[in-house]
Amino acid sequence: MLNIVNEIKKAFNGDAWHGNHVMQTLNNVEPEKAFQYFIPTAHSIAEIALHLTAWTEEVSSRLNGNLAVEPEMGDWPAVQEKSPQAWEKIIFNFKIANEELIRLCENIKFDDWDNAIKDERNAALGTGVTNSELLNGLIQHHAYHSGQIAILSKF
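This is the structure:
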């Protein structure tokens, strides 16, 4: 399943076919915009970045054989601090979560990609899928939210 590992690498910080990879999109955000609410009832860029980190960590947990649950940080973690340094830390934590996920994926045996995670199917939680479906879902999640961040950063 080398191809699926290459796809998460591209979505995170590689040559994504849809445009900028997520790290480039995050790095293009001006810190003062990261915490603003440009659309009523929509999330801020920082909240989206925290959400991406939370789910990246949860996918790593599931690939490690743990039961599927809501991310430890929560589905939509609250922003704790609104400063340029806090924004840098949010980006750094996203980077670390993805680098750890990629290291984990590179060590999964080819035959294990078709193994199911340890839960019954629940579409809302993304459970009851194979390891490759789980990672593919995260790739789609990265692309979806990267697009949101790119649009919000233009305000």
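Under our numbering, think of the first position of the sequence shown as 993, with each following residue one higher. Think of the CB as a built atom: it goes at the ideal place given N, C-alpha and C, for glycine as much as any other residue.
- Using a Cβ-Cβ distance cut-off of 8 Å, the region 1015-1023 and the region 1125-1142 are in contact, since at least three pairs of beta carbons, one from each stretch, lie closer than that value.
- Residue pairing of Ala1108 in beta bridges, as defined by DSSP: Thr1122.
- With a cutoff of 8 Å on beta-carbon distance, Cys1097 and Val1014 are scored as not near each other.
- Under the DSSP assignment, Leu1059 falls outside any alpha helix (DSSP H); it carries neither an H nor an E label.
- Collapsing the DSSP output to three states places Tyr1136 in a helix.
- In chain order, Ala1089, Asn1090 and Leu1093 place their CB closer than 6 Å to the CB of Thr1048, counting only its own chain and leaving out the 5 sequence neighbours on each side.
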